[in-house]
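Inspection log for the structure reproduced underneath, given as C-alpha cells.
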Amino acid sequence: MASGRRPLIAANWKMNGLKADGVALAQAVAARAKSAGATLAGEVLVSPPATLIDAVSAAIAGTPVLLGGQDCHAQTSGAFTGDISAAMLKDLGASHVILGHSERRTLHGETDAQVSAKVAAARAAGLVAIVCVGETEAQRDSGDTIAVIVGQIDGSIPAGATVAEIVVAYEPVWAIGTGRTPTLAEIVEVHQAIRARLASRIPGGDAIRILYGGSVKPSNAVEVLALADVDGALVGGASLKAEDFWAIVSALPQA
Ligand code: PGA
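First residue of the sequence shown: 9, per the working numbering; consecutive thereafter.
Rendered as C-alpha cells:
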C-alpha cells in the first residue's frame, strides 16, 4: 500500500446466492464492518447479483459497507430485455459497478468499446466504475501482457473520466477462480504499467486505485496487499464466506 490512496476490498459474488443466504452473508460482513468502525483500514464493498441488490442494500444500511453492481447497460433505458441500467443500480443504493469483467468479455463478447460506453453510463449516473483488465494465459506466455493491459486501459476508459470516477482491477484471466496467482513481481510490474498509463491519460491519474484480483484468499492477501502499487483487491470465490472475506479485509496494512 502506498500514498494517500484509500484501499478498497471489493467482493464480487458473481451468480451466487439466493435471498436468504445473500442477506445472511451481507449481514455478516456488515456486522464485522460496523464493529471495526474507525479501525477499518479501507473501504469494503459487496457486489451481489442484481436480484439481491435491494435486499442487500437494506441489510448493509447504516454500516460502512458499500454496494456495487456487477454490470450495467450503456443506455439509460429502453428495449433491452434482461439488462439493467446504471441509474437502476444507483436507485437501489449502489455506489459502484464492476465493468468489463473477463467473464463478461469472454462469455458475452464485450469489447473495449462496449465497456467504455458502459463506463460512460456509470459516470453519468454517478457510479464509480471498477474497470477490469487482464491478460489470458496465452497472452502472458507470448510476452504480450503489458501491451494487452495498456490496450484495454486505453479502450475501456472513456476520455474525460476523472480520478474519483474510476477504479481499475487487474485480473489475469488465468488466475480467476483457479487458485493460481502471478508472482508478486509480476503483479508489481503490471500495476506499475497501469499506473503510468493512467497518469499519462488522466489528470492526476496516478491517484486512481488499482486493485488486484484473481484467487485472492486469506493465505495470500497479506503479501499481495502489502505491495506498494496494490490498492486493494477484487475478490470472487473467497468473498462468499464472511470469515474468509473478512480475513482479506483484515489483511490490509494499517495506514
Ligand atoms: P476469484 O475471482 O477471486 O474467484 O479468482 C475474482 C474475480 O473474478 O473477480
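Ideal placement from N, C-alpha and C gives every residue a C-beta, glycine not left out.
Q: Below 8 Å on the Cβ atoms is my guess for Ala183 versus Gly222; work out the distance and round it to an integer in Å.
A: 3 Å
Q) Going along the chain, which residues of its own chain have a beta-carbon closer than 6 Å to the beta-carbon of Ala133, five neighbours each way excluded? A) Ala94, Ala95, Lys98
(Q) Beta-carbon within less than 8 Å of Gly25's beta-carbon, same chain only, minus the 5 sequence neighbours each way: which residues are those? (A) Leu33, Pro56, Pro57, Leu60, Leu248
Q: Starting from Gly221, follow its DSSP beta bridges and name the residues at the other end.
A: Leu242
Q) Between Ile195 and the ligand PGA, is the CB less than 8 Å from at least one heavy atom? A) no
Q | Proximity below 9 Å, CB of Ile154 to CB of Ile210 | A | no
(Q) Among Asp29, Tyr220, Ala236, whose alpha-carbon lies nearest the alpha-carbon of Ile256? (A) Tyr220
Q) Under 9 Å, do Ser164 and Ser124 count as touching if we go by C-beta distance? A) yes
Q) Which residue's Cα is closest to the Cα of Lys27: Lys225, Ala67, Arg112, Gly108? A) Ala67
Q: Buried or exposed for Thr71, please, with buried defined as at least 16 other CB atoms from any protein chain shown within 10 angstroms of its CB.
A: buried
Q.
Can you list, in chain order, the residues of its chain with a C-beta nearer than 8 Å to that of Leu260? Leave out the 5 residues immediately preceding and following it.
A. Met9, Pro15, Ile17, Ala49, Gly50, Leu233, Gly240
Q: State yes or no: is the C-beta of Val105 within less than 9 Å of the C-beta of Gly86?
A: no
(Q) Quick check: is any heavy atom of the ligand PGA less than 8 Å from the C-beta of Leu242? (A) yes
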